[in-house]
Ligand SMILES: Cc1cc2nc3c(=O)[nH]c(=O)nc-3n(C[C@H](O)[C@H](O)[C@H](O)COP(=O)(O)OP(=O)(O)OC[C@H]3O[C@@H](n4cnc5c(N)ncnc54)[C@H](O)[C@@H]3O)c2cc1C
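Residue numbers (UniProt numbering): 1 to 477.
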């Protein structure tokens, strides 16, 4: 059975995915999920493609071929090798799909590679993460993560919210494991994944130690419900080139007294251990790398669409249009340059393993949440109301008024079908529910930008700058 077919079969495992108040009976054939399932299956099959497969995979010590996201880099060349595979994979979906990519596979690889740091603090961490990493890698499983407590009242700790079980915490412990209750928000791609990492993203204090848990669940874990947002999926590929294939779906993960076996509980009620892991620089670097590679693919795609729009109505000769297109290109070149700098400056972290330099990647991540909304704005400015002038469906060109309509929808450099294809794609990017969701994604996927910027400020080594400036002042006095 091909990797894609095996993936589709794995989705028929009794998982409790809820959409529009109903439990989804068969995810792969459901109209709101089937297009994306097909896209993910195609990606999985790419790993077995005679020419592309070897660029996406490597041979493990157990003789399996595994996705390169699981590779723990032993050299700078390994960092580049992972990067090339991320690029191939993300280009296959124009950087639009994020969770089938290597981000969370990389995170587990990072937990595994950094396990020494917790060996003394958390008994069993080493053996559990080794088993889990090896299983994910050898079975080629996909995973996402859910880290946020329900919003409710952000001025209060989870302990102050009245109901102790809004955020995820232990109800009781048994011989088999912990029984947990509460909700985590949100797991992008949850319904399509094999596994979900559950752990708070924000630091937990000792007062909140009951919420300081790290565990892994299979998506079909009994007692786990995935509550989907409204679906943006469409079945008509011609009119909805992105929504028909790449609606990754975001879901709230609800734990209704779910039993989590001990071997899947890595950290239990230990805020310090959790924070030590989360702030481990190697884990951050190896986990973030794929996101930046994917973002480059997405900016390439948006820049190409902007360029095509300008060509299609002959506006490229206007200086302000060139300025807007140049802005799309310099966004792209800036993120690419930061990625290249991070990879070029790869080094051996404390654990002896290699990873890209975090500083340029952090900068790329933080710039990205400002760049992407601006990129969409630039595309809107280039298209004007063009996207709204397109008829509801391209089928109109084949209908009774087709020949007449073809006259009005042709472009400066292309025929009506090509022009309308472009307008439909543009609307998907800048106006559709899927497009709006992507804007929100790029703003928030790596955390609240207000706090990720503050984090970068705090982490930055400011002293050399201050010393240099002070030396000048002193010399000038
Ligand atoms: C499309 C999309 C997909 C996502 N996918 C995932 C995923 O797969 N896995 C995952 O774990 N997460 C995911 N996220 C969640 C993402 O990590 C969070 O959205 C982000 O960290 C912000 O948290 P929040 O949404 O709870 O907003 P909040 O943290 O509640 O912030 C909302 C607003 O309140 C302000 N605010 C709140 N608390 C404070 C405070 N203490 N101090 C100052 N200001 C405050 C913020 O600055 C912001 O303006 C996704 C988000 C989006 C939009």
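Here a beta-carbon is modelled for each residue, glycine too, at the ideal position from N, C-alpha and C.
- Distance from residue 271 to residue 205 at the Cβ level is roughly 6 Å; contact confirmed, criterion being Cβ atoms closer than 8 Å.
- For residue 114, no alpha helix (DSSP H) segment is defined, and its DSSP state is neither H nor E.
- Per DSSP, reduced to three states, the secondary structure at residue 366 is helical.
- Membership of residue 218 in the beta strand (DSSP E) is indicated by the continuous run 213 to 218.
- Taken through DSSP and simplified to helix, strand or coil, residue 58 comes out as strand.
- When rounded, the separation of the alpha-carbon atoms in residue 59 and residue 279 is 30 Å.
- Taking 9 Å as the cut-off, the beta carbon of residue 362 is found closer than this to the beta carbon of residue 456.
- If you check the C-beta of residue 288 against ligand 1, you find no heavy atom less than 8 Å away.
- Along the region 88 to 169, the alpha helix (DSSP H) occurs as fully enclosed runs of 4 or more residues at 103 to 113, 125 to 139, listed in sequence order.
- Residue pairing by DSSP places residue 210 in no beta bridge whatsoever.
- Placement of the Cβ of residue 390 at a distance of 8 Å or more from every heavy atom of ligand 1 is found.
- Look at the region 5 to 63 and you find these whole runs of alpha helix (DSSP H), each 4 residues long or longer: 34 to 46, 53 to 56.
- Among the bridge pairs identified by DSSP, residue 250 is matched with 188.
- Inter-residue distance for residue 451 and residue 129 is about 29 Å (C-alpha atoms, whole angstroms).
- With a minimum length of 3 residues, the unbroken runs of beta strand (DSSP E) contained wholly in the region 224 to 280 fall at 224 to 228, 250 to 261, 265 to 268.
- Around the beta carbon of residue 20, fewer than 16 other beta carbons lie within 10 angstroms, which makes this residue exposed.
- Comparing alpha-carbon positions, the option among 299, 26, 213, 291 lying closest to residue 264 turns out to be 213.
- Under DSSP, residue 354 takes part in a beta bridge, and its partners are 348.
- Below 8 Å, enough C-beta pairs join the region 431 to 450 and the region 218 to 237 to call them touching: three or more.
- For residue 361, the shortest separation between its Cβ and any heavy atom of ligand 1 does not lie below 8 Å.
- For residue 453, the CB stays at least 8 Å from every heavy atom of ligand 1.
- Two segments are said to touch when three or more pairs of C-beta atoms, one from each, lie closer than 8 Å; by this definition the region 335 to 350 does not touch the region 310 to 326.
- With fewer than 16 other Cβ atoms inside 10 Å of its own Cβ, residue 257 counts as exposed.
- Proximity of the region 117 to 133 to the region 88 to 99 falls short of the contact definition, fewer than three beta-carbon pairs being nearer than 8 Å.
- Residue 396 and residue 248 have their C-alpha atoms spaced approximately 29 Å apart.
- Contact annotation: residue 443 and residue 369 have beta-carbon atoms nearer than 9 Å.
- Closest in alpha carbon position to residue 445, among 287, 420, 419, 393, is 287.
- The three-state secondary structure of residue 175, taken from DSSP, is coil.
- Bounds of any alpha helix (DSSP H) do not take in residue 221, whose DSSP letter is neither H nor E.
- For residue 41, the CB stays at least 8 Å from every heavy atom of ligand 1.
- Take the alpha-carbon of residue 68 and the one of residue 81: they are about 8 Å apart.
- Rounded to the nearest angstrom, the Cβ distance from residue 78 to residue 354 is 6 Å, consistent with a contact under 8 Å.
- A contact is defined here as three or more CB-CB pairs under 8 Å, and the region 49 to 59 fails this definition with respect to the region 8 to 20.
- In terms of side-chain proximity, the C-beta atom of residue 105 is found no nearer than 8 Å to any non-hydrogen atom of ligand 1.
- A distance criterion of 8 Å places the beta-carbon of residue 217 beyond contact range of ligand 1, judged by its closest non-hydrogen atom.
- Distance from the CA of residue 267 to the CA of residue 364, rounded to the nearest whole angstrom, comes to 31 Å.
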